[in-house]
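Undergrad: Sharing a structure below in structure tokens format, with a few things to ask.
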Amino acid sequence: MANANGVRRRPGASSAPRKSLGYADIAELVRQAIPATYPPGSKIASERELADEFKVNRHTVRRALSELERQGLITTVHGSGSIVARRRMEHRLSYDTRFTTSAELAGMSATTTVVQADGEPTSDEIALAKALVKARPNGKLVTARYANGTPVCWIRHLFFGLDVDALASTYKEGSLHKHIDRQFGVRLRRRESHVSADRPSPTDVRLLFVPLDLPILCANSVNVNAETGQPVELSLTRFRSDAVDLRFDYGPAL
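One point on numbering: in UniProt numbering, the residue at position 222 of the sequence shown is 222, and numbering is uninterrupted.
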């Protein structure tokens, strides 16, 4: 049976005195309660609530939570408490990277939402495009990507020489690169990626539901026409750092 905080009591705990619990006992009880009580990304009971529930001091609870964090079951975010860890998706950064493929390989269902279909690149985006691609983008599409319904990343797709209006009117979901191949006969491959970390922006908070102290992983990638080598897309991707592992795949050679 579970108490108001969702922590499962051991059989008989409410009717008879129980021995003093150690941190390992508490860690095990909370671990058992997680699947049925706390969905990924949700907060578990606070240190004070757990200390009151198990009649122990907060230091013991803190050790129990540290053990669960060591096992990868929870993450502790300063100021936000302990949060049930999300299932992480391995995403390859390679010449033929596709989010949908990474999700399928992880046994997860990938979905896409078109956030903005007719956007104009901002001055900052134009400056970045000129630095990485040496060209000015002629249009922008913004998407958000989900795995098993959980937001993983959002992407600003800046295009060069592509009919963005035609693309925006037909693309709704699935692999964007496959769609571009079908619609325009242009097969894309990744030429390079620039990876960094950043603080969450207001848009990150809105689209990815991240706390303000969770780092964001950024991957700015240049995608070119596989036949001509001409730049077609600069994708500016911002990932939840707790939802994805980025894997750098260097073969086959470009």
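Ideal Cβ placement from N, Cα and C applies to all residues, glycine included.
(1) Leaving out five residues before and five after GLN116 in sequence, what residues of the same chain have Cβ atoms less than 8 Å from its Cβ?
(2) Please work out which residues of its chain come closer than 7 Å, Cβ to Cβ, to THR170, disregarding the five sequence neighbours upstream and downstream, and give them in chain order.
(3) Going straight from the alpha carbon of SER80 to that of LYS55, what length do you get?
(4) Just to confirm, is the Cβ distance from residue 273 to LYS43 under 7 Å?
(5) When burial is assigned at 16 or more other CB atoms within 10 Å of the CB, is ARG156 buried or exposed?
(6) Beta-carbon within less than 6 Å of LEU50's beta-carbon, same chain only, minus the 5 sequence neighbours each way: which residues are those?
(7) Rounding to the nearest angstrom, what Cα-Cα distance links GLN71 and GLU28 in this structure?
(8) Within its chain, find whatever has a CB closer than 7 Å to the CB of LEU21; leave out the 5 residues flanking it on each side and keep chain order.
(9) Give me the Cα-Cα distance between SER123 and LEU212, rounded to the nearest whole angstrom.
(10) If you run the structure through DSSP and keep just helix, strand and coil, what is SER66?
(11) If distances are taken between C-alpha atoms only, which option among SER94, LEU128, HIS179 and MET108 comes closest to PHE248?
(12) Which two residues bound the contiguous beta strand (DSSP E) that contains GLN32?
(13) Taking the straight line between their C-alpha atoms, what separation do you get for THR113 and ASP163?
(14) Which parts of the segment 75–138 are runs of the alpha helix (DSSP H), unbroken and 4 residues or longer, counting only runs that do not cross its ends?
(15) Taking C-beta to C-beta, are THR237 and ALA226 nearer than 7 Å?
(16) Measure how close the beta-carbons of PRO202 and LEU214 come, nearest whole angstrom, since I'm counting them as under 8 Å.
(17) Helix, strand or coil, according to DSSP, for GLU227 in the structure here?
(18) Out of TYR23, THR37, ALA36 and ALA129, point me to the one whose CA is closest to GLU47's CA.
(19) Considering only DSSP beta bridges, list what ASN220 is partnered with.
(20) Tell me the residue span of the beta strand (DSSP E) that contains PRO202.
TA: According to the structure shown:
(1) Translated into the one-based positions of the sequence shown, residue 116 becomes position 116. LYS140, LEU141 and VAL142, listed in sequence order.
(2) Working through the sequence shown from its first residue, we reach residue 170 at position 170. Counting only Cβ-Cβ distances below 7 Å, and skipping sequence neighbours, we find GLN183.
(3) Taking the first residue of the sequence shown as position 1, residue 80 is located at position 80. Taking the first residue of the sequence shown as position 1, residue 55 is located at position 55. Rounded to whole angstroms, SER80 to LYS55 spans 23 Å at the Cα level.
(4) Since the first residue shown for the chain is 1 and the last is 254, residue 273 is missing from the structure and cannot be characterised.
(5) On the sequence shown, position 156 is the one that residue 156 refers to. Buried, because 16 or more other Cβ atoms sit within 10 Å of the Cβ of ARG156.
(6) Looking up residue 50 in the sequence shown gives position 50. Closer than 6 Å at Cβ, skipping near neighbours: VAL61.
(7) One-based indexing of the sequence shown puts residue 71 at position 71. One-based indexing of the sequence shown puts residue 28 at position 28. C-alpha separation (whole angstroms): 11 Å.
(8) As a position in the sequence shown, residue 21 is number 21, starting the count at 1. Contacts found: PHE54 and VAL56.
(9) Working through the sequence shown from its first residue, we reach residue 123 at position 123. Working through the sequence shown from its first residue, we reach residue 212 at position 212. Distance between the alpha carbons of SER123 and LEU212 is about 25 Å.
(10) Position 66 of the sequence shown holds residue 66. It is helical.
(11) Within the sequence shown, the letter at position 248 stands for residue 248. Among SER94, LEU128, HIS179 and MET108, the Cα nearest to that of PHE248 belongs to SER94.
(12) Within the sequence shown, the letter at position 32 stands for residue 32. From DSSP, GLN32 is part of no beta strand (DSSP E) but of the alpha helix (DSSP H) over 23–37.
(13) Sequence index remark: in the sequence shown, residue 113 carries index 113 (1-based). Sequence index remark: in the sequence shown, residue 163 carries index 163 (1-based). Those two C-alpha atoms are separated by around 20 Å.
(14) As far as the segment 75–138 is concerned, its whole alpha helix (DSSP H) runs of at least 4 residues are 99–105 and 123–132.
(15) Numbered from 1 along the sequence shown, position 237 holds the residue referred to as residue 237. Numbered from 1 along the sequence shown, position 226 holds the residue referred to as residue 226. Contact flag unset, no.
(16) Residue 202 sits at position 202 when you count from the first residue of the sequence shown. Residue 214 sits at position 214 when you count from the first residue of the sequence shown. Rounded to whole angstroms, the Cβ separation of PRO202 and LEU214 is 14 Å, and the two are not in contact under 8 Å.
(17) Against the sequence shown, residue 227 aligns to sequence position 227. The answer is coil: DSSP assigns GLU227 none of H, G, I, E or B.
(18) On the sequence shown, residue 47 is found 47 positions in, with the first residue counted as 1. Checking every option, the nearest Cα to that of GLU47 belongs to TYR23.
(19) Indexing the sequence shown from 1 puts residue 220 at position 220. Beta-bridge analysis with DSSP links ASN220 to HIS194 and LEU236.
(20) Position 202 of the sequence shown holds residue 202. From DSSP, PRO202 is part of no beta strand (DSSP E) but of the alpha helix (DSSP H) over 202–208.
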